[in-house]
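Each remark here refers to the structure printed beneath this line.
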Amino acid sequence: MPENNAGNDPKGRDAKSPGQIPANGLWDVTWRVYVSFTEDRVAMIAAGVTYYLLLAIFPALGIFVSLYAFAADPADISRQMEFLVYIVPSEALRLILDQLGTLASQKPTTAGLGLLISSSMALWSAHNGIAAVFEAMNIAYGESEKRSFLHRTSLAMAFTVGGMIAAILAVLAVAVLPVWLGFIGLERWAELLVDFARWPILLLMFTGGAAMLYRFGPSREPAKSPWLTWGAAFTTLMWLGTSLLFSFYLDHFANYNATYGTLGAFVGFMVWTWISVIILILGAEINAELEHQTMCDSTTGRPLPMGERGAYVADTVGDPAPPPN
Numbered sequence: 001m002p003e004n005n006a007g008n009d010p011k012g013r014d015a016k017s018p019g020q021i022p023a024n025g026l027w028d029v030t031w032r033v034y035v036s037f038t039e040d041r042v043a044m045i046a047a048g049v050t051y052y053l054l055l056a057i058f059p060a061l062g063i064f065v066s067l068y069a070f071a072a073d074p075a076d077i078s079r080q081m082e083f084l085v086y087i088v089p090s091e092a093l094r095l096i097l098d099q100l101g102t103l104a105s106q107k108p109t110t111a112g113l114g115l116l117i118s119s120s121m122a123l124w125s126a127h128n129g130i131a132a133v134f135e136a137m138n139i140a141y142g143e144s145e146k147r148s149f150l151h152r153t154s155l156a157m158a159f160t161v162g163g164m165i166a167a168i169l170a171v172l173a174v175a176v177l178p179v180w181l182g183f184i185g186l187e188r189w190a191e192l193l194v195d196f197a198r199w200p201i202l203l204l205m206f207t208g209g210a211a212m213l214y215r216f217g218p219s220r221e222p223a224k225s226p227w228l229t230w231g232a233a234f235t236t237l238m239w240l241g242t243s244l245l246f247s248f249y250l251d252h253f254a255n256y257n258a259t260y261g262t263l264g265a266f267v268g269f270m271v272w273t274w275i276s277v278i279i280l281i282l283g284a285e286i287n288a289e290l291e292h293q294t295m296c297d298s299t300t301g302r303p304l305p306m307g308e309r310g311a312y313v314a315d316t317v318g319d320p321a322p323p324p325n
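Every letter in the sequence shown is one number past the one before it in our numbering, and letter 238, counting from 1, is 238.
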């Protein structure tokens, strides 16, 4: 339910957070998101981002395995990541786990040399992959890229390393932590509490990652946290639900192996990644149009008048939805 309005504007032009936008204003937001989805060609932009992400993900797995070795035995990594079967299509998951198993089984000397090579490849590939995501964020927020190459590259690398560390922590929390706690011998109620709590924590980590991307991805003055949470929460819940449905569809109806042969698993993974990127961009569109609804300063720092805030959706006001015919 929306919070009480900051003022009396029926459209929420004086809202200081998305929760203060009334129903009439939320209808304007919904209409603009629908229009922007088409005008920004989100599906096509997502296809381009997917291409760069697929080039980046497999070299990045090499770094993931090497970093994972500092926290747990990399030989067990495939088994410990099987919990992803609930949210990742089985064909796509098998493709990832097979690659992880191959990397984890390498000899230490090979892995050590491979760490240097794959690290360089993955970080540079991540620049292309994450830069493509940043460009998608710019499109969603109506911005053009104004950051220097060095700034953009260092930010992309920071997101890459941070994402890998977060992924390792997620695997440890979901798959490894219960095993560790089993050795400690906790009370039964404590084991059940930990077993339940790890899943909401995982979703919160995903939501936080999406919010960070929406804050630092576009080339603009960062938005305040309340203007990031709605899109991030939408992305998390929509991605989770869509992944479950797509996994069910692949397991019971589609048969990519019959059509694409040995490439079937990769095609399934590619389509799932494309859908995930669409949802990620759609979350950014939602955040952008929520900001576009208010005349209050939605950026960080001291309040500034419109036109001086360094963000298109904060410096302008979105169009109202047309009246019904």
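A virtual CB, placed ideally from N, CA and C, is assigned to each residue, including glycine. No experiment lies behind these values; they were computed from the predicted model shown.
Quick one: using the 10 Å Cβ neighbour count with 16 as the cut-off for buried, is residue i buried or exposed?
{"i": "MET306", "result": "exposed"}
{"i": "ASN5", "result": "Unreliable positioning characterises ASN5 in this predicted model, as indicated by a pLDDT of 47, which lies under 50. The coordinate reading is nonetheless provided below. That one is buried."}
{"i": "ARG309", "result": "buried"}
{"i": "LYS146", "result": "exposed"}
{"i": "VAL88", "result": "buried"}
{"i": "GLY62", "result": "buried"}
{"i": "LEU192", "result": "exposed"}
{"i": "ILE149", "result": "Sequence inspection shows Phe at residue 149; the Ile mentioned does not correspond to that position. Counting Cβ neighbours within 10 Å, PHE149 comes out exposed, since fewer than 16 surround it."}
{"i": "ASP319", "result": "exposed"}
{"i": "SER36", "result": "buried"}
{"i": "TYR52", "result": "buried"}
{"i": "HIS151", "result": "exposed"}
{"i": "GLY162", "result": "exposed"}
{"i": "THR109", "result": "Because the pLDDT of THR109 is 49, which lies under 50, any placement of that residue in the model is unreliable, and the question is left without a value."}
{"i": "MET164", "result": "buried"}
{"i": "TRP199", "result": "exposed"}
{"i": "TYR34", "result": "exposed"}
{"i": "SER17", "result": "buried"}
{"i": "TYR68", "result": "buried"}
{"i": "LEU84", "result": "buried"}
{"i": "PRO59", "result": "buried"}
{"i": "ALA197", "result": "exposed"}
{"i": "ALA311", "result": "buried"}
{"i": "PHE269", "result": "buried"}
{"i": "THR262", "result": "exposed"}
{"i": "THR30", "result": "exposed"}
Which partner residues does residue i have in the DSSP bridge list?
{"i": "THR299", "result": "ALA223"}
Is the Cβ-Cβ distance between residue i and residue j less than 8 Å?
{"i": "GLU289", "j": "ARG41", "result": "no"}
{"i": "ILE278", "j": "ALA46", "result": "yes"}
{"i": "ALA232", "j": "TYR214", "result": "yes"}
{"i": "VAL49", "j": "ALA104", "result": "no"}
{"i": "HIS292", "j": "VAL317", "result": "yes"}
{"i": "ILE281", "j": "TRP230", "result": "no"}
{"i": "ALA173", "j": "LEU202", "result": "yes"}
{"i": "MET295", "j": "ASP14", "result": "yes"}
{"i": "SER219", "j": "SER120", "result": "no"}
{"i": "GLY217", "j": "VAL313", "result": "no"}
{"i": "LEU100", "j": "THR160", "result": "no"}
{"i": "GLY283", "j": "ALA170", "result": "no"}
Counting only beta-carbon separations shorter than 8 Å, does residue i have a partner in chain D?
{"i": "ARG309", "result": "In the structure shown, chain D cannot be found, because there is only a single protein chain."}
So does the stretch 292 to 305 actually touch the stretch 220 to 229, counting three or more Cβ pairs closer than 8 Å? yes
Enumerated in chain order, which unbroken segments of the alpha helix (DSSP H) with a length of 4 residues or greater are wholly contained in the stretch 12 to 38? none
Cβ contact (3+ pairs, closer than 8 Å) linking the stretch 248 to 268 and the stretch 78 to 86: no
Under 8 Å: do the stretch 9 to 16 and the stretch 230 to 246 share three or more Cβ pairs, one atom per stretch? no
So, does the stretch 34 to 54 touch the stretch 128 to 143, judging by three or more C-beta pairs under 8 Å? yes
If you pair each beta-carbon of the stretch 19 to 27 with each one of the stretch 85 to 99, do three or more pairs fall below 8 Å? no
With three or more beta-carbon pairs closer than 8 Å as the criterion, would you say the stretch 245 to 253 touches the stretch 310 to 325? no
Cβ contact (3+ pairs, closer than 8 Å) linking the stretch 264 to 275 and the stretch 202 to 214: no
What residue ranges within the stretch 200 to 271 form continuous beta strand (DSSP E) runs of no fewer than 3 residues, ordered along the chain? none
Alpha helix (DSSP H) segments (min. 4 residues) lying fully within the stretch 55 to 100: Taken in chain order, the complete alpha helix (DSSP H) segments of 4 or more residues contained in the stretch 55 to 100 are 77 to 80.
Would the stretch 124 to 134 count as touching the stretch 155 to 169 if we require 3 or more Cβ pairs under 8 Å? yes
Which ranges does the beta strand (DSSP E) cover as unbroken runs of at least 3 residues, wholly within the stretch 127 to 166, from first to last along the chain? none
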